[in-house]
Amino acid sequence: DSGVTQTPKHLITATGQRVTLRCSPRSGDLSVYWYQQSLDQGLQFLIQYYNGEERAKGNILERFSAQQFPDLHSELNLSSLELGDSALYFCASSGTGSTNEKLFFGSGTQLSVL
Amino acid sequence: GENVEQHPSTLSVQEGDSAVIKCTYSDSASNYFPWYKQELGKGPQLIIDIRSNVGEKKDQRIAVTLNKTAKHFSLHITETQPEDSAVYFCAAHHGFQKLVFGTGTRLLVSP
Numbered sequence: 001d002s003g004v005t006q007t008p009k010h011l012i013t014a015t016g017q018r019v020t021l022r023c024s025p026r027s028g029d030l031s032v033y034w035y036q037q038s039l040d041q042g043l044q045f046l047i048q049y050y051n052g053e054e055r056a057k058g059n060i061l062e063r064f065s066a067q068q069f070p071d072l073h074s075e076l077n078l079s080s081l082e083l084g085d086s087a088l089y090f091c092a093s094s095g096t097g098s099t100n101e102k103l104f105f106g107s108g109t110q111l112s113v114l
Numbered sequence: 115g116e117n118v119e120q121h122p123s124t125l126s127v128q129e130g131d132s133a134v135i136k137c138t139y140s141d142s143a144s145n146y147f148p149w150y151k152q153e154l155g156k157g158p159q160l161i162i163d164i165r166s167n168v169g170e171k172k173d174q175r176i177a178v179t180l181n182k183t184a185k186h187f188s189l190h191i192t193e194t195q196p197e198d199s200a201v202y203f204c205a206a207h208h209g210f211q212k213l214v215f216g217t218g219t220r221l222l223v224s225p
């Protein structure tokens, strides 16, 4: 168990809808990362938050947004969903100092857009 | 930005054989290279990592080597077991930049 909690585990929705994925980082970790994993794209970095502030942005679509709350949990919002958004979405967290590169991943949310 | 290439994409070995997965990176400033193992239905799990000031690191049956000059690093698994079957990802990290992952290697260990 990595200590990172993601909910829900599975999400089935229709095109055009909006969903919210939730992540609770490991106790004490200030950084939260979101990754998208699809069959032909590997692990694609979406966005990173550090202590409530956006730190880095990857290939995140404008239809997607995220935030990190004061209690350090994070949410990834996906709107106007398309079939191609179907993927595994992972959240990861990391600590500070010399261990800040070590990412600990949750078990993911499998999103299916029908 | 950083680009990480990983080979092979699939690797099949017999139990007890060794397995080697290779990665190359593009940014010479990258200084941290972790390897993750992803089992079916689970998130990636860190199994070993190496920093740029070290050439080799071992942990029981797994080892990682780093050649900074050539900008490549490799994962070595000896005495493979069926439970080693999984997808393995290499990655490279530089400062506050995001961790950039390779495309993954599906390892299958046959009994």
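If you read the protein sequences in the order shown, they are chains H and D.
Here the first sequence stands for residues 1 to 114, numbered as in my numbering.
Here the second sequence stands for residues 115 to 225, numbered as in my numbering.
From the three backbone atoms N, C-alpha and C, an ideal C-beta is built for every residue, glycine too.
Taken in chain order, the members of the region 188 to 215 of chain D whose beta-carbon sits within less than 9 Å of a beta-carbon on chain H are Phe203, Ala205, His207, Phe210, Gln211, Lys212, Leu213, Val214 and Phe215. Segment contact: the region 118 to 128 of chain D against the region 101 to 110 of chain H, fewer than three CB-CB distances shorter than 8 Å; contact not assigned.
Scanning Asp85(H), Pro25(H) and Lys102(H) for the CA closest to the CA of Leu114(H) turns up Asp85(H).
DSSP lists no beta-bridge partner residue for Val168(D). Contact with chain H is absent for Tyr139(D), since none of that chain's Cβ atoms lies less than 7 Å from the residue's Cβ.
For Lys151(D), the uninterrupted beta strand (DSSP E) segment begins and ends at Tyr146 to Gln152. Boundaries of the beta strand (DSSP E) around His10(H): His10 to Thr13. As DSSP reads the structure, Ala87(H) sits in a beta bridge with Leu111(H). Taking Gln37(H) as the centre and dropping the five residues before and after it, the same chain places the C-beta of Leu43, Gln44, Ala87, Leu88, Tyr89, Phe90 and Gly108 closer than 8 Å to its C-beta, in chain order. A residue is called buried once 16 or more other Cβ atoms fall within 10 Å of its Cβ, and Gln195(D), having fewer, is exposed. Per the DSSP secondary-structure output, Ser74(H) pairs in a beta bridge with Cys23(H) and Gln68(H).
In this structure the region 209 to 225 of chain D does not touch the region 162 to 173 of chain D; the number of beta carbon pairs closer than 8 Å is below three. Within its own chain, the residues whose Cβ lies closer than 6 Å to the Cβ of Phe215(D), once the five positions on either side in sequence are excluded, are Phe203 and Ala205, listed in chain order.
Residue state for Asp1(H) is assigned as coil, using DSSP reduced to three classes.
Considering only beta carbons, the part of the region 48 to 63 of chain H lying closer than 8 Å to chain D consists of Gln48, Arg55, Ala56 and Gly58, in chain order.
In its chain, beyond the 5 residues on either side, Arg165 and His207 have a beta carbon closer than 6 Å to the beta carbon of Tyr146(D). The C-alpha of Leu30(H) lies about 19 Å from the C-alpha of Gly157(D).
Cα atoms of Glu197(D) and Glu129(D): separation of roughly 10 Å, rounded to the nearest angstrom. Ser2(H) reaches chain D at Gly157 and Gln159, counting residues in chain order whose Cβ is nearer than 8 Å.
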